[in-house]
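Numbering (the numbering used here) for the sequence shown: 2 to 352. We put the beta carbon where it would ideally sit given N, CA and C, even for glycine.
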Amino acid sequence: MKHGVTIGKFWPFHLGHDLMIKAAMTALDRMTVVISSDAEWKNDVIEHQMICRYDTLIEFHMINFVKIVDDAVIEKDADGTALDDSYIEEWADKIKALGNFTHMVTSDKYGKYLAEKMDIDWLPIDPDRECIPISGTDIREAPDWNWMYLTDEAKHYWATRIAVVGPESVGKSTMVKAIGLEGNENVATCPEWGRTISEAKGNFLTIEDFKHISLVQNMMMDQAAQIAPIVLSDTDPMITSLYADTYLSNEDATKFKKWNDEQIKMAGIHYYLVLAPTVPWVNDGWRVMPDQEERQKFFDDICSKLDEMNADYDIINATTWEARHEQAMKLIDSHNRVFGEPTAKEFSNDT
Numbered sequence: 002m003k004h005g006v007t008i009g010k011f012w013p014f015h016l017g018h019d020l021m022i023k024a025a026m027t028a029l030d031r032m033t034v035v036i037s038s039d040a041e042w043k044n045d046v047i048e049h050q051m052i053c054r055y056d057t058l059i060e061f062h063m064i065n066f067v068k069i070v071d072d073a074v075i076e077k078d079a080d081g082t083a084l085d086d087s088y089i090e091e092w093a094d095k096i097k098a099l100g101n102f103t104h105m106v107t108s109d110k111y112g113k114y115l116a117e118k119m120d121i122d123w124l125p126i127d128p129d130r131e132c133i134p135i136s137g138t139d140i141r142e143a144p145d146w147n148w149m150y151l152t153d154e155a156k157h158y159w160a161t162r163i164a165v166v167g168p169e170s171v172g173k174s175t176m177v178k179a180i181g182l183e184g185n186e187n188v189a190t191c192p193e194w195g196r197t198i199s200e201a202k203g204n205f206l207t208i209e210d211f212k213h214i215s216l217v218q219n220m221m222m223d224q225a226a227q228i229a230p231i232v233l234s235d236t237d238p239m240i241t242s243l244y245a246d247t248y249l250s251n252e253d254a255t256k257f258k259k260w261n262d263e264q265i266k267m268a269g270i271h272y273y274l275v276l277a278p279t280v281p282w283v284n285d286g287w288r289v290m291p292d293q294e295e296r297q298k299f300f301d302d303i304c305s306k307l308d309e310m311n312a313d314y315d316i317i318n319a320t321t322w323e324a325r326h327e328q329a330m331k332l333i334d335s336h337n338r339v340f341g342e343p344t345a346k347e348f349s350n351d352t
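Encoded structure:
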């Protein structure tokens, strides 16, 4: 049996890695992927993404994953080969202990030397990066410029998710649409699905409608993450829970909120822009909160819920549409999470 092995940080998991693994599987019977980032939680992130991507190969026992923390700081040559020969020998021994391998698979030229140390064949896949001209370092340094090279699973994780929330008639939808129309390739926008379904049903919504609203809003954000590194959503499932008290019976609202807690977690919002009711309420035929006190209470409820969630948020309270838009753009720019590495806490929240 031809059993290949590859090793890497895979931080982040990009299309070059995917090509290497899939191309290797055309020549091999089985593949072991050794994930060796510098922290256990990073290895967990990558394993989760690979499990999602290679579920069919896993089902047929054609691929498996091994996680080893490697936080050593070493010097490498231009091809990525460690200059310390003892380091290569150490890793050769570690890998040999994992199984009887016939091939070392790499998209870097260091694989040749590692294969020689293990006395197995080297299977290089695009070692000069002619097909997928990218490295993990390139993406970490400028993920916005290199977004197209990430796998879908990595995009889902690395995208900065920002929700624009607030009571009725504060300019949420107008703001999100305007930002989307500005043509910034780093931003993908999501409309408010709840409004679409409310208009279609004449504001007569059931608990099943509310579940559908949360599910579709999350799907929209997941899809938008495939397009751009910043996802700007007009509302999120947390707001849907707050609206349940207005549209549903007390019993159904309670049931929905309990169900929706998981959707709030799955939304993975990193940052909230909360628009204050400091502009006049406008009746568009579908709104249900014309009273200023009621709008203020809903705004206060949003802030209380975000505080309870320990969420990162800022309040936009300017009294003109132009000033609100300008304030929002500055805040979005300052919270572009994608330029820094996610934290272990963020990963635990996302999952």
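Chain-order list of residues whose beta-carbon lies under 7 angstroms from that of N318 (same chain, five-residue window excluded)
A277, T279
Tell me the rounded alpha-carbon separation between F14 and D246.
42 angstroms
Near T197, what residues of its chain come up, given a Cβ to Cβ distance below 8 angstroms and the 5 sequence neighbours on each side ignored?
none
Between A236 and N261, how many whole angstroms is the CB-CB distance? I'm expecting something under 8 angstroms.
Reading off the sequence, residue 236 comes out as Thr, not Ala. The Cβ separation is near 13 angstroms, so there is no contact.
Decide if the region 223-238 is in contact with the region 198-212; the criterion is three or more beta carbon pairs, one per stretch, under 8 angstroms apart.
The region 223-238 vs the region 198-212: no contact.
In the DSSP output, which residue or residues are listed as bridge partners for V275?
V166, I316
Inter-residue CB distance, V217 and W194 (contact presumed, cutoff 8 angstroms):
5 angstroms
Selected residue, minimal CA-CA separation from D253, among F211, V70, D71, L84
F211
G5 in three-state terms, based on DSSP
If DSSP states are grouped into helix, strand and coil, G5 belongs with the strands.
Cβ distance (whole Å) where A225 is taken to contact T190 below 8 angstroms
7 angstroms
So for E347, helix, strand or coil by DSSP?
Residue placement at E347 cannot be trusted, given a pLDDT of 45 that sits under 50; the coordinates are not used to answer.
From V165, D30, L84, residue whose alpha carbon lies closest to that of I231
V165
Can you tell me where the beta strand (DSSP E) holding W123 begins and where it ends?
122-125
Beta-carbon proximity of N44 to I52, cut-off 7 angstroms:
no
Apply the 10 Å Cβ neighbour rule to V283 and answer buried if 16 or more other Cβ atoms are within range, or exposed otherwise.
Under the 10 Å beta carbon count, V283 is surrounded by fewer than 16 other beta carbons and is classified as exposed.
Quick test of your reading: A25 and G5, contact by CB under 8 angstroms. State the CB separation rounded to the nearest angstrom.
Going by Cβ atoms, the distance from A25 to G5 rounds to 5 angstroms, so yes, they are a contact pair.
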